[in-house]
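Trainee:
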Amino acid sequence: MRVEPLTCSIGAELIGVKLADAVHDAALFDEIKKELIRHRVLFLRDQDFSRAEHVAFARRFGELEDHPVVGSDPEHPGLVRIYKSPDSPPDRYENAWHTDATWREKPPFGCVLRCVECPPVGGDTMWANMVLAYEQLPDHVKTQIEDLRARHSIESTFGAAMPIEKRLALKAQYPDAEHPVVRTHPDTGEKVLFVNGFTTHFTNFHTPDRIRYGQDANPGGALLLSYLISQAYIPEHQVRWRWKKNSVAIWDNRSTQHYAVMDYPPCVRQMERAGIVGEKVF
Ligand code: SIN
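Position 280, counted from 1, in the sequence shown is what the numbering used here calls 868; the numbers after and before it change by one each time, with no gaps.
Structure, rendered in structure tokens:
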């Protein structure tokens, strides 16, 4: 297996590997997982595997989960279909910087995403390294956010365009989750800046050391949150991947954000994503 970094900060391409082999080869799987933790997102070309093999490979990392709004392949639970065509409803959630499903109490460990069909040009995906984003923050900001916690919501994102009854039912099933703004990566101990497009507000910003008058709370908290979320937009933190049919990306959802560039309509783009159950955030 050859490992070729794609940038100085995030992402590497694995060459000479068939992921289907790693379903039964524990040593190969361990090597891939080690590279995943190191580079945060791995890319492979020409992975012409079956859906069953896709699921079986992702299952080596842990249990898979479906998505409450985006449907899965009926024969392969856990394999979410992100299919876009000129007839798709306007539900464009992937073209915002986000970490998958942080509205869950236990956000996903990571994902294995395969391109089934891609547009002739466009439709790239970008990832950002949120450990680097944390490291590069000015010291006074690190101090300011040390103990902050924040809410993450499916209601205000996937639920926003739903009729109110449906939106409230979604929220009842998936109540907002609260996570630390700076999490500790469970495998490496690194600090990760953990706010993204699903984050709505800080829950403990309104304290006497930060707020002179109640008036300070909203602009102060909202501006800081927006500044923190925008750290993913910095090109030096990013890698951008051009898809081809049967290209695969595997990412560590605990230390990255991603953005699917929506520059291809009216072309077709079909992706299949196996999302791996994660753990509580500390
Ligand atoms: C996602 O946002 O999880 C999907 C990314 C993509 O379709 O490129």
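Each residue gets a CB set at the ideal place from its N, CA and C atoms; glycine is no exception.
I want to know whether the region 809 to 822 touches the region 662 to 674 - three or more CB-CB distances under 8 Å.
Mentor: No contact exists between the region 809 to 822 and the region 662 to 674.
Trainee: I want to check one thing, is the minimum distance from the CB of T844 to the heavy atoms of the ligand SIN below 8 Å?
Mentor: If you number the sequence shown from 1, residue 844 lands on position 256. False, no ligand heavy atom lies under 8 Å from that Cβ.
Trainee: Report the three-state DSSP secondary structure of K694 (helix, strand or coil).
Mentor: Position 106 of the sequence shown, counted from the first residue, corresponds to residue 694. DSSP places K694 in coil when its eight states are reduced to three.
Trainee: Do F631 and A600 count as a contact pair if the criterion is CB distance below 9 Å?
Mentor: Counting from one through the sequence shown, the residue named residue 600 turns up at place 12. Counting from one through the sequence shown, the residue named residue 631 turns up at place 43. Yes; because the gap between Cβ atoms is below 9 Å, this pair is in contact.
Trainee: Pop quiz: A646 and V700 are said to be a contact at Cβ under 8 Å. What is the actual Cβ separation, rounded to whole angstroms?
Mentor: Taking the first residue of the sequence shown as position 1, residue 646 is located at position 58. Taking the first residue of the sequence shown as position 1, residue 700 is located at position 112. Their Cβ separation, rounded to whole angstroms, is 4 Å, which keeps A646 and V700 in contact under 8 Å.
Trainee: Measure the C-alpha to C-alpha separation of A748 and Q845 and round it to an integer number of angstroms.
Mentor: Taking the sequence shown and counting its residues from 1, the one referred to as residue 748 is at position 160. Taking the sequence shown and counting its residues from 1, the one referred to as residue 845 is at position 257. Cα-Cα distance, rounded: 21 Å.
Trainee: V827 lies in the beta strand (DSSP E); which residues open and close that run?
Mentor: Counting from 1 along the sequence shown, the entry for residue 827 is found at position 239. Here the beta strand (DSSP E) through V827 covers Q826 to W829.
Trainee: Closest to P768 by C-alpha separation, out of A721, A738 and M859, would be which residue?
Mentor: Taking the first residue of the sequence shown as 1, we reach residue 768 at position 180. If we check each option's Cα against that of P768, A738 comes out closest.
Trainee: Counting along the chain, where does the beta strand (DSSP E) carrying R647 start and finish?
Mentor: Taking the first residue of the sequence shown as position 1, residue 647 is located at position 59. No beta strand (DSSP E) holds R647; the alpha helix (DSSP H) holding it covers R639 to R647.
Trainee: So A810 is in the beta strand (DSSP E); what residue range does that whole segment cover?
Mentor: The residue given as residue 810 occupies position 222 in the sequence shown. First-last for A810: A805 to I817, but that is the alpha helix (DSSP H), not the beta strand (DSSP E).
Trainee: Where do the ends of the beta strand (DSSP E) carrying R737 lie?
Mentor: Reading the sequence shown from its first residue, position 149 is the one you call residue 737. Element bounds for R737: R737 to H740.
Trainee: What's the C-alpha gap between H686 and D797?
Mentor: Against the sequence shown, residue 686 aligns to sequence position 98. Against the sequence shown, residue 797 aligns to sequence position 209. Cα to Cα, H686 sits roughly 30 Å from D797.
Trainee: In or out: D764 buried (at least 16 other Cβ within 10 Å) or exposed?
Mentor: The residue given as residue 764 occupies position 176 in the sequence shown. Buried, since its Cβ has 16 or more Cβ neighbours within 10 Å.
Trainee: For the region 834 to 842 against the region 694 to 711, do three or more pairs of beta-carbon atoms, one drawn from each stretch, fall closer than 8 Å, so that the two count as touching?
Mentor: With a cut-off of 8 Å, the region 694 to 711 and the region 834 to 842 count as touching, because enough Cβ pairs lie within range.
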